[in-house]
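For the record, in the sequence shown the residue sitting at position 36 is 42 according to our numbering, with numbers rising by one throughout.
Quick reminder that beta carbons are idealized off the backbone N, C-alpha and C, glycines included.
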Amino acid sequence: MAEQENVKVVQDAYASFGRGDIQSLLENLDEKVEWTLPGEGMIPQAGTYRGRDGVARFFQTLGQTTEFSAFEPREFIAQGDRVIALGWYQGKAKATGRSFESDWVMSFVLQNGKVVKFQEFTDTGTIAQAYTASASASA
């Protein structure tokens, strides 16, 4: 029951992201949310953001640096207050025009129907290469 409700909150957040409705997505977050993405120092939007304002800055940076051609949450696993989403995305770094794609795992912890903690796990090496201006001579 609570697990199903938590999955719905996460699915609604993904739907908001898909529509470009970041304000609705932010409403699914606790005021003191902690939002963590790997690859800090290699990927422009990576790092830990705190609070809704911090997460809003993350999405602003993401929009400025990245263009997704596909973003597919594919499976949801819930246990207690945690929802794990498994998925895949494909996109490009706007500054370099270089593409990336990766499977990902996103972990959400919820309390009282709001996300209090988010953490992404993905192939940071592949993604970081897309943001690197000096492309290697591989084809």
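Discussion item. Taking the beta strand (DSSP E) that Gly53 belongs to, which residues open and close that run?
Written reply: 53 to 56
Item to complete: Pair every Cβ in the stretch 70 to 83 with every Cβ in the stretch 32 to 42, then say whether three or more of these pairs are closer than 8 Å.
Response: Short answer: they don't touch.
Worksheet item: Which term fits Gln51, buried or exposed, when burial requires 16 or more other beta carbons within 10 angstroms of its beta carbon?
Response: A residue is called buried when at least 16 other Cβ atoms come within 10 angstroms of its Cβ; Gln51 meets this threshold and is buried.
Discussion item. Using only CA atoms, which one of Ala99, Gly103, Gln125, Gly119 lies nearest to Val111?
Written reply: Across the set Ala99, Gly103, Gln125, Gly119, the C-alpha of Gln125 shows the shortest separation from the C-alpha of Val111.
Item to complete: For the alpha helix (DSSP H) containing Ala19, list its first residue and its last residue.
Response: Counting along the chain, the alpha helix (DSSP H) containing Ala19 begins and ends at 8 to 25.
Item to complete: Quickly, what does DSSP pair Arg88 with across the bridge? List them, please.
Response: Gln85, Val115
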